[in-house]
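Notes to accompany the following structure.
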Amino acid sequence: MSWFETGWGLSLTVFLPLVGAFVVMAIPKARERLVKSTALAFALASFGTSVAVTVLFDFGGAEKFQMGTDLTWIPAIGSRFHVGIDGISLPLLVLSTLITVLSIVYSWNHWPEPHNPKAFLVLILLLATGMAGTFVALDLILFFIFFELVLLPMYFMIGIWGDRTMIRPPGFKREVETRLYAAIKFFLFTLFGSAFMLLGFLALYFKADPHTFDMIALAEAGRAGVFAGAFGGWVFAALFLGFAVKVPMWPLHTWLPDAHTAAPTVGSVLLAAILLKLGSYGFIRISLPILPEQAQDWAPVIAILAVVAIIYGSLACLAQTDMKRLIAFSSVGHMGFVMLGIATLTDIGINAAVIGMVAHGVITGLLFFLAGSMQHRYHTREIARLGGNQKLLPILGGILAFTVMASLGLPGLAGFWGEFMALLGSFNPLEGLSLGLFRTAMVIGAIGTVLTAGYLLWMLQRVNLGEPPDEWTGKDLHDADGFELAAWSPLVLAILAIGVFPRIVFGATDDAVVNLVKSAFGG
Amino acid sequence: MQALNTVLAYAEEAAHHLETDPGGFVGVMVDWAWLIPVVPLVLMFAIVFFGKRLPLKGWELAEGSMAFVAIYGVALLIANWIEPFTVEHHVEIARIGVLPGLGDLVIEWGWVVDGLSIMMYTVVGVVGFFVFTYAKGYMEGDVRFTFFFASFTLFAGGMLVLVSSANMMQLIVGWELVGVASYLLIGHWWEDHANNAAAIKAFITNKIADVGLFVGVIIAGITVGSFRFTDVLDAVEAGDSALARVGFWVGLAMFVGAMGKSAQMPFHVWLPDAMAGPTPVSSLMHAATMVTAGVYLLGRMFPFYQAEGFGDDVKLWIILIGGFTLFFTGLLALVQDDIKKVLAYSTLSQLGYMTAAMGAGAYTAGLFHLFTHAFFKGLLFLAAGSVIHGVHSNNMSDMGGLRKSMPTTYWTFLIGSLALAGVFPLAGFWSKDEILASVKADAFGLGSAADLVLVLAILGAFVTAFYMARTVYLTFFGEYKGEGHPHESPRVMTYPLIGLAVLSAVAGWVLIPGVSEGFTHWLEARLHNPLDGPLHFESIDWAVAGIGTLMALLGIAAGTRLWYRDAPTQLERDRFRIPVLYPLLEHKYYFDDVYMNGIVKPTAGPIARATNWSNNVIIDGVVNFFGATARFLSRYVYGWADQRGIDLAINAAAAAAGETGSVVRRVQTGKVQQYAGALFVGAILLVIGFLIFG
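These protein sequence lines are chains F and H, in that order. Heads up: the first sequence runs through residues 1 to 523, numbered per the working numbering. Heads up: the second sequence runs through residues 524 to 1217, numbered per the working numbering.
Written out as structure tokens, the structure is:
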């Protein structure tokens, strides 16, 4: 075992961006080019180590935690620096480091107002550490710290670089700026959830004997029935709140459209591509293995909420007049499929959830990039004012059409597998779960795919097709530039590759998921 | 380097064929038949990336792919004709990956080389070849010439994926590729939103029907433990009791999928609107690709529908839906002014014949009609396109008298019309008669349903001849009523017409009961032996053939009586307006109105707005109420925070935009931290509570 495989590789992936953030802070603000290059270098280094981790990863034993380390950290409460990676977290780790790099590349020439690249890049790098750390943490306190670490940078990103339109939310006496309302709402919503989550973690700690925050040890205790009964039910509920807000599940989703719409382009991309996954990952990594019995009690509830989200999100999309908000709402429906997969508690369903998470990350991430670039050119997101984009910006329009097709679940592109397999899993959920309920969910979910196709194609028609409205004729609109194409091409390729060859993801996840389901549910 | 090893192991696995094949030249052809769908798909990418730089702007690649498929298909057809393939020979499967968590359910890429798929390869290749040739002339000078041929190749390639699939997952992939290609093609002229609406309508209608296909495939796959057609049909034959329990629902759900692609009532509404696409698209769509997919699926799953117990119940649905579709959509063709819409409704009606035949258990008859129809309907659309090209209008009220100025178009259109009407000895006569005879014979005892459908089918023969007579007279007879001087189309367009006209005349001769039974032999090599032993086809039934022909002649005579005589306007030539029926037909039985006003508009309008409202007002209202309550309470709990509430935080952040440092400083004393503090204190208290009372 080389030094790289004994925890250093993962630690580098996680902490290189953090180091980068400090280095960038030390560089004078005026030296913008150096600031950008330094940030990109650290992000690339982090991505590079995550690729190295993938190469060294033993896919034959994807169910085991690999390349980890377990060091004493806070002895007073028994919290340890325990990290490791298995087949479920690996694709998400690579996704998060990749998206970070692409975000910086995209930002190179597209700084949202009020500019200040230095501060912006520091925040992106901080976010990167938080995201990557969440996917490798195997200690609940460590997990919690990383989980919360993403909160502040995103809060500032929305609050400072966000949309400045004035709105008056329901119940407000006066108008506020969108970015402030959205940032505070995002922060408080998530904090509300994570407070309960922490409560759940603490409860698990005190109940376990000996007291521990270690996920693996807690999962063993869970299997042994230490958390059985009403206690476990309450803990599951607490964790549920924490994760469900992040996913977000209906009806805890209302921060999402506001935050995505108000955030600067890169903020929306990171939110959609990675931050939402922290919640669903939490369900798979923490709730299911540690509280398997309660997971079975809650599965019908999760399934119902997931199906409601699919239909509700799609219907809400049909009513949107703002392109970015429409894409934001589409996440509610797509994450509904992910949660439906998890709720089946079967290996098909959870595999579907992981590939659904990855696919949603690349597809919706790309959609937000595109929406951002369009806003940059047209200075509006109002669907009614747009039109004929395919004619004005042929390359950008073509990529948009491609991504929309992927988002509506076309076979051969990434979005298909998660959707279809979640439905496949719902036909035969874990033994003991209500067949009638899950099969109804399957049919309703399938109807949801129709609505999804409906709102996406309708948006495409209004934005991309037709003759361009008069107000854009003669305007100097330049098509996608080099930085944009550099940021988008990897995502386009990923969409195709995962679609044609889903084994890219399943090859890693399958053993880990089978092992998880077998040890937690005996199935 | 674990990752690399995994990839290598995969490659090895992929190279391993799960089922072996015959040796010799035929074996090689079967072995390499995977090229049939792959070549068009690869060339599609080549057209997208390099098409514009080629001398013929990518058309040569598209045409080349169709020529390849046509030659390969015909070669297989001949090989199969000389010595029918045996059941063991014609499924090739390469495992391309494992669907995780499904045990034996694997993702496979397979290609089927049996009678049914060979027939489809031939039809797609041959008709495609003619249509692509024609399209070169028709699309000359189009703004997106190259992109058009890329989508067109994708369209044909998707269909070939569909008909070559050895398992249901691959079928779904082809099925959706065809769908998305049709979306691109129907909306090819996307500058006009009417075309986009038609494209979306086609896509969404099919997507709704796909819910059925998905559900059917999922249930069948999980129940049987495999997506392979062979395994599912084996399970049917073995009388698998688990499958028998869900059989009716699987059969019905998959039929719903077929109804979408094959445009059976009530999913028929997309097809007439799909005329918004360029005419070559309509031609290929109505002849060889897309609409034949549903009938093909019924053919592929045929033994499934013959199963004891549940098969008959589903078949009853199939024959009735086919029967109603063939009659009622045929009537609609009578009142159209747009020549392409006449043909579109005629396609619906003919698809109804095919579906009804499959429902009656007449495998050979249904597929035979698919085969002959492909040639004459492809021909009719191309000829109509030639007329449109000459007249610059789709409407027959701008036509008339074209037989003199467009002789080739006239004669080929006439042959196509007579073939469609079922006049001896053209193609349609043989296949339609085969269907009538099979429905009459009612080998599977559907009883009165079969009798009803037989009556509808015979009446339908009259209607078919009637509307085609109308179309021919309004278009080619009388005085010219349009603008300018119509002219015959260039040779690149007329030669395909002649080629297809020849095929429309002779294609039926491959199945003349008692004389030549080639078509039956083609279909003999089957993926799976049907439950009913030998292939089911009827010897010629002279009574039915006589009645059918009589009906066709009557239709032509009635048409001549009504429309031969010229009038100053075409409108005055339509003199048969039956009071109640005519308005009903003009409004297409109100299907579109009901769908639009009953489903689409309410969903996209009030329901969607209500959902959005509930989100913004109700859910967010609750959220903001909690926020306000918390702030109210905080005034008492943290009295000192009163001055530093939300207003200050907002103002501070706004003023400090750009100066990150100061924002951090103010927010640190602001509201967020207080909430955080409060929540964490609460959390700790709750935990302590738990430990004491829990």
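For each residue, glycine too, the CB sits at the ideal point set by N, CA and C.
Proximity winner among the options, relative to residue i (alpha-carbon distances)
i                  : options                                     : result
PRO114 of chain F  : F:PHE57, F:PRO257 and F:ARG179              : F:ARG179
THR848 of chain H  : H:TYR1112, H:PHE1148 and H:LEU558           : H:TYR1112
MET824 of chain H  : H:GLN787, H:MET1119, H:GLY739 and H:HIS896  : H:GLY739
SER1027 of chain H : H:ILE695, H:THR895, H:TRP1086 and H:ARG1096 : H:THR895
SER688 of chain H  : H:MET643, H:ILE605 and H:ASN729             : H:MET643
THR852 of chain H  : H:VAL914, H:ALA984, H:LEU893 and H:THR1017  : H:ALA984
ILE841 of chain H  : H:ALA797, H:PRO789 and H:ASP796             : H:PRO789
PHE368 of chain F  : F:ILE274, F:ILE302 and F:ALA316             : F:ILE274
GLY267 of chain F  : F:ALA237, F:ALA359 and F:LEU127             : F:LEU127
ALA722 of chain H  : H:THR1092, H:THR878 and H:GLY702            : H:GLY702
PHE402 of chain F  : F:LEU460, F:SER426, F:ALA343 and F:PRO28    : F:LEU460
PHE752 of chain H  : H:ASN603, H:PRO826, H:ASP1116 and H:ALA556  : H:PRO826
Other residues of its chain near residue i: CB distance less than 7 Å, five sequence neighbours each side excluded
i                  : result
GLU175 of chain F  : MET166, ILE167 and ARG168
ALA1068 of chain H : ASP956
ALA453 of chain F  : LEU408
ASP965 of chain H  : ALA883 and ALA973
Extent of the continuous beta strand (DSSP E) to which residue i belongs
i                : result
ASP70 of chain F : 66 to 74
ILE85 of chain F : 79 to 85
Beta-carbon proximity of residue i to residue j, cut-off 8 Å
i                  : j                  : result
MET67 of chain F   : LEU151 of chain F  : no
ALA816 of chain H  : MET782 of chain H  : no
GLY1005 of chain H : ASP921 of chain H  : yes
VAL650 of chain H  : ALA810 of chain H  : yes
LEU44 of chain F   : VAL122 of chain F  : no
GLY924 of chain H  : TYR1003 of chain H : yes
GLY409 of chain F  : LEU423 of chain F  : no
GLY945 of chain H  : PHE936 of chain H  : no
PHE683 of chain H  : PRO563 of chain H  : It should be pointed out that residue 683 of chain H corresponds to Leu in this sequence rather than to Phe. Going by C-beta atoms, LEU683 of chain H is nearer than 8 Å to PRO563 of chain H.
LEU92 of chain F   : MET357 of chain F  : yes
LEU340 of chain F  : ALA303 of chain F  : yes
6 Å Cβ shell around residue i - same chain, five flanking residues per side excluded
i                  : result
ALA182 of chain F  : ILE158, ASP258, ALA259 and ALA262
ALA767 of chain H  : GLY832
TRP582 of chain H  : LYS659 and PHE672
GLY130 of chain F  : PHE146, LEU149 and VAL150
ALA717 of chain H  : none
PHE42 of chain F   : LEU16, PRO17 and GLY20
VAL226 of chain F  : none
TRP712 of chain H  : ASN718
ARG1096 of chain H : TRP1086 and ALA1090
LEU140 of chain F  : PHE201 and PHE213
Limits of the unbroken alpha helix (DSSP H) element including residue i
i                  : result
MET459 of chain F  : 435 to 464
GLU220 of chain F  : 215 to 223
ARG1088 of chain H : Per DSSP, ARG1088 of chain H belongs to no alpha helix (DSSP H) and is neither H nor E.
LEU272 of chain F  : The question names Leu, but residue 272 of chain F is Ala in the sequence shown. Where ALA272 of chain F is concerned, there is no enclosing alpha helix (DSSP H), given that its DSSP letter is neither H nor E.
SER314 of chain F  : 292 to 318
PHE196 of chain F  : 178 to 207
The ligand COA heavy atom lying under 7 Å from the CB of residue i
i                 : result
ALA221 of chain F : Although the ligand COA was asked about, the structure shown includes no ligands whatsoever.
Beta-carbon proximity list for residue i, same chain, < 8 Å, skipping 5 on both sides
i                 : result
MET25 of chain F  : LYS118 and VAL122
LEU528 of chain F : The displayed coordinates of chain F run from 1 to 523. Any statement about residue 528 of chain F would go beyond what the structure contains.
ALA593 of chain H : THR645, GLY648, VAL649, GLY651 and PHE652
Do three or more CB pairs link the stretch 657 to 672 of chain H to the stretch 564 to 575 of chain H at distances below 8 Å?
-> yes
*Looking at C-beta atoms only, is the number of pairs between the stretch 248 to 264 of chain F and the stretch 342 to 356 of chain F that lie closer than 8 Å three or more?*
no
Do the stretch 126 to 146 of chain F and the stretch 208 to 215 of chain F touch if we need at least three Cβ pairs shorter than 8 Å? yes
>> Does the stretch 381 to 400 of chain F come into contact with the stretch 408 to 427 of chain F, if we say contact requires no fewer than three beta-carbon pairs (one atom in each stretch) closer than 8 Å?
In response: no
- Are the stretch 773 to 792 of chain H and the stretch 833 to 844 of chain H in contact at 8 Å, needing three or more beta carbon pairs? yes
How about the stretch 977 to 995 of chain H and the stretch 856 to 875 of chain H: do they share at least three Cβ pairs that are nearer than 8 Å? yes
**Prompt:** Any contact of the stretch 237 to 245 of chain F with the stretch 275 to 294 of chain F, i.e. 3+ C-beta pairs under 8 Å?
**Reply:** yes
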